[in-house]
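Novice:
In our numbering, the protein residues as written are 69 to 449.
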């Protein structure tokens with residue numbers, strides 16, 4: 069049981085840290101007494117949208133690619149046959165390659181079987197589908213290397229036990245890839261922003277987050293529960309957040325009118341709250357017509373933001389002094405530090421800050437930071 073729990077836990081971690089997938093899939097191979105594991109997503113109606121696979125670390129990537137370059141058509145055909153078979157079977161049961169050959173011997177490809185043994189040391193395989201009779205066919209396939217023995221019955225049973233949990237994991241993995249396909253939201257770009265960005269499902273399940281949003285979670289005002297749902301420690305704030313995520317996700321697929329809201333999140337021992345903007349994430353709803361997603365932008369006014377505030381200065385007719393004060397505030401300077409740098413008294417600093425906030429129609433540093441995020445797209449210092 070511990071090995072099964074470890075495999076599930078590692079897979080949940082890999083959802084948010086893709087670099088852990090080889091280790092997670094190795095753990096699945098262990099409970100299936102297999103040489104390696106393949107995890108694949110496949111959209112049957114639109115192969116170009118997302119069609120990708122992940123392999124366990126025990127299967128050398130260069131060897132896998134060497135095999136697939138020649139036999140990808142055969143592998144695709146066999147997965148289609150597995151899907152056809154499994155849709156008629158009980159949910160989360162498995163099927164071996166040998167069974168598929170016995171059902172229809174025309175499927176057998178002697179060269180492919182010879183090559184996978186020589187290149188990867190794999191002699192037998194079995195697969196479990198993760199979404200029964202769905203418009204996509206995601207699955208786990210295990211590769212066994214012992215030619216002389218049958219696949220152990222308990223290997224099927226062990227993988228079938230964790231498959232329902234993996235289905236939950238898939239519901240998080242797929243949207244992340246869809247977001248990249250539909251919105252170009254590449255994490256290597258998002259991670260440079262001084263704006264926390266997270267995408268959640270209607271129940272708050274975290275689908276995608278950037279580095280800045282991780283920093284927001286580190287403040288201990290928000291957290292992820294064991295099911296990876298975004299929550300707030302303070303009860304009233306938690307209710308507001310959950311209601312907003314539910315409403316905006318429904319709005320994203322036209323089920324409810326909820327344009328979102330700004331939520332202030334107090335942080336212990338800090339004078340300024342974090343600002344969350346929860347909004348519907350417009351999309352074409354390819355994963356399901358009944359579910360939607362929300363996007364959350366988080367601004368921490370205490371971060372040191374790299375921006376010359378040029379757009380703000382032009383938009384709000386800031387004086388040179390106000391522009392410089394604005395830039396220093398966004399870089400995390402306190403009023404006292406601004407006074408020391410500019411060699412002016414505290415009353416003068418307060419006057420400059422007051423004029424700046426009045427001109428930009430903001431009340432505090434949090435709102436100013438949120439405005440800068442819209443106008444400047446600031447980067448982390």
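Using N, Cα and C, we set each Cβ at its ideal position, and we do this for glycine too. Predicted model only: the values in this text are computed from it and were never measured.
1. Give me, in chain order, the residues of the same chain whose beta-carbon lies closer than 6 Å to that of residue 314; leave out the 5 immediate sequence neighbours on both sides.
2. Could you tell me the alpha carbon to alpha carbon distance between residue 430 and residue 87, rounded to whole angstroms?
3. Please list the segments of the beta strand (DSSP E) lying wholly inside the stretch 158-241, counting only runs of 3 or more residues, in order along the chain.
4. Smallest Cα separation from residue 302: which of 291, 296, 425?
5. On the criterion of 16 or more Cβ atoms from any shown chain inside 10 Å, does residue 167 qualify as buried, or is it exposed?
6. Taking three-plus beta-carbon pairs below 8 Å as touching, is the stretch 94-108 in contact with the stretch 72-79?
7. Go ahead and pull the three-state DSSP assignment for residue 81.
8. Residue 148 lies in the beta strand (DSSP E); which residues open and close that run?
9. Rounded to a whole number of angstroms, what is the C-alpha to C-alpha distance between residue 278 and residue 142?
10. Quick one, which of 211, 275, 440 has its alpha-carbon nearest residue 104's?
11. Cα separation between residue 223 and residue 232?
12. Within the same chain, show all residues whose beta-carbon is closer than 8 Å to that of residue 414, passing over the 5 residues directly before and after it, in chain order.
13. Would DSSP call residue 278 helix, strand or coil?
14. Roughly how many angstroms lie between the CA atoms of residue 394 and residue 289, to the nearest whole one?
15. Can you tell me whether DSSP reads residue 315 as helix, strand or coil?
16. Below 6 Å CB to CB, which residues in the same chain sit around residue 295 once its five sequence neighbours on both sides are set aside?
17. Given a threshold of 16 other Cβ atoms within 10 Å of its Cβ, counted over all protein chains shown, does residue 238 qualify as buried or as exposed?
18. I'd like to confirm the pairing. Which residues does DSSP put opposite residue 371 in its beta bridges?
19. Using a Cβ-Cβ cutoff of less than 6 Å, which residues in the same chain neighbour residue 371 once the five nearest sequence positions on both sides are dropped?
20. Return helix, strand or coil for residue 337, following the three-state DSSP convention.
21. Would residue 433 pass as a contact of residue 369 if the rule is Cβ separation under 7 Å?
22. For residue 69, which option in 136, 230, 219 has the closest C-alpha, if you only look at C-alpha atoms?
23. Could you tell me the boundaries of the alpha helix (DSSP H) in which residue 90 lies?
24. Can you tell me whether residue 193 is buried or exposed? The criterion is at least 16 other CB atoms within 10 Å of its CB, across all chains shown.
25. Let's see if you can read the secondary structure: which residues bound the beta strand (DSSP E) around residue 299?
26. Can you tell which of 79, 152, 150 has the C-alpha that lies nearest to the C-alpha of residue 124?
27. Taking just the CA atoms, how far does residue 161 sit from residue 131?
28. Please determine, among 287, 200, 177, the residue with the shortest C-alpha to C-alpha distance to residue 153.
29. Short of 6 Å in beta carbon distance, which residues of its chain neighbour residue 436, apart from the five on each side in sequence? Order them along the chain.
30. For residue 427 and residue 385, which I take to be in contact (beta-carbon distance under 8 Å), what is that distance rounded to the nearest angstrom?
31. Could you check whether residue 287 and residue 335 sit closer than 7 Å to each other, using their CB atoms as the reference points?
32. Between residue 182 and residue 106, what straight-line distance do the alpha-carbon atoms span, to the nearest angstrom?
Specialist: Concretely, from the data shown:
1. So the list reads 270, once near-sequence residues are dropped.
2. Those two C-alpha atoms are separated by around 41 Å.
3. As far as the stretch 158-241 is concerned, its whole beta strand (DSSP E) runs of at least 3 residues are 162-164, 192-197, 207-212.
4. Among 291, 296, 425, the Cα nearest to that of residue 302 is on 291.
5. So residue 167 ends up on the exposed side.
6. Yes: at least three Cβ pairs fall under 8 Å.
7. In the structure shown, residue 81 sits in a helix (DSSP, three-state: H, G or I).
8. Run containing residue 148: none in the beta strand (DSSP E); it sits in the alpha helix (DSSP H), 129-154.
9. When rounded, the distance between both Cα atoms is 38 Å.
10. The shortest C-alpha separation from residue 104 is found at 211.
11. The straight-line gap separating the alpha-carbon atoms of residue 223 and residue 232 is approximately 16 Å.
12. Only 403, 404, 407 meet the Cβ criterion.
13. Coil at residue 278, not helix or strand.
14. Rounded to whole angstroms, residue 394 to residue 289 spans 27 Å at the Cα level.
15. Helix at residue 315.
16. Closer than 6 Å at Cβ, skipping near neighbours: no residue.
17. It counts as buried.
18. BP columns for residue 371 are empty, so no partner.
19. Residues 262 of the same chain have their beta carbon placed closer than 6 Å to that of residue 371, with the five preceding and five following residues left out of the count.
20. If DSSP states are grouped into helix, strand and coil, residue 337 belongs with coil.
21. Going by C-beta atoms, residue 433 is nearer than 7 Å to residue 369.
22. Nearest C-alpha to residue 69: 230.
23. It spans 89-99 - the alpha helix (DSSP H) in which residue 90 sits, taken as one unbroken run.
24. Residue 193 is buried by the Cβ-count criterion.
25. It spans 298-300 - the beta strand (DSSP E) in which residue 299 sits, taken as one unbroken run.
26. Selected option, being the one with the closest Cα: 79.
27. Cα-Cα distance, rounded: 29 Å.
28. Considering only alpha carbons, the answer is 200.
29. Counting only Cβ-Cβ distances below 6 Å, and skipping sequence neighbours, we find 430.
30. Between the beta-carbon of residue 427 and that of residue 385 there is about 7 Å, and that keeps the pair under the 8 Å contact cut.
31. Yes, the Cβ-Cβ distance between residue 335 and residue 287 is below 7 Å.
32. Rounded to the nearest angstrom, the gap between the Cα atoms of residue 182 and residue 106 is 19 Å.
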